[in-house]
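Undergrad: Residue numbers (the working numbering): 46 to 137. C-beta: ideal position from N, C-alpha, C; glycine also. I'd like to ask some things about the structure below.
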């Protein structure tokens, strides 16, 4: 049986503003698969399930086929976290 390598964090950045405490994280989950996710860092998880930059916080991810595309997703999410405010409307 072939073992898959453990996911590896490629990039991770916290963005804490006066309205939210979030982290964007991009991991390599397989040879040709990178995933970007936005996490709620607030103690009460007040933004869990809300939407920012097209991500449902703590629920959705964007996949990319290579590191370059994964880093593009990461940068776009990071810009959204800096420029936008989480909005209601996310789904599980």
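(1) Out of 63, 67, 51 and 100, state which residue places its alpha-carbon closest to the alpha-carbon of residue 57.
(2) Measure from the alpha carbon of residue 134 to the alpha carbon of each residue in 115, 94 and 123, then state which is nearest.
(3) Quickly, what does DSSP pair residue 67 with across the bridge? List them, please.
(4) Return the residue from the list 92, 121 and 60 that minimises the CA-CA distance to residue 81.
(5) Whole angstroms are fine: how far does the CA of residue 53 sit from the CA of residue 73?
TA: Reading from the atomic positions:
(1) Looking up residue 57 in the chain shown gives position 12. The shortest C-alpha separation from residue 57 is found at 67.
(2) Counted from its first residue, the chain shown places residue 134 at position 89. When each option's Cα is compared against that of residue 134, the closest is 94.
(3) Reading the chain shown from its first residue, position 22 is the one you call residue 67. The partner list for residue 67 (beta bridge, DSSP) reads 60 and 85.
(4) Stepping through the chain shown from its first residue, residue 81 is reached at position 36. It is 121 whose Cα lies nearest to the Cα of residue 81.
(5) Residue numbering aside, residue 73 sits at position 28 when the chain shown is read from its first letter. Residue numbering aside, residue 53 sits at position 8 when the chain shown is read from its first letter. Cα-Cα distance, rounded: 5 Å.
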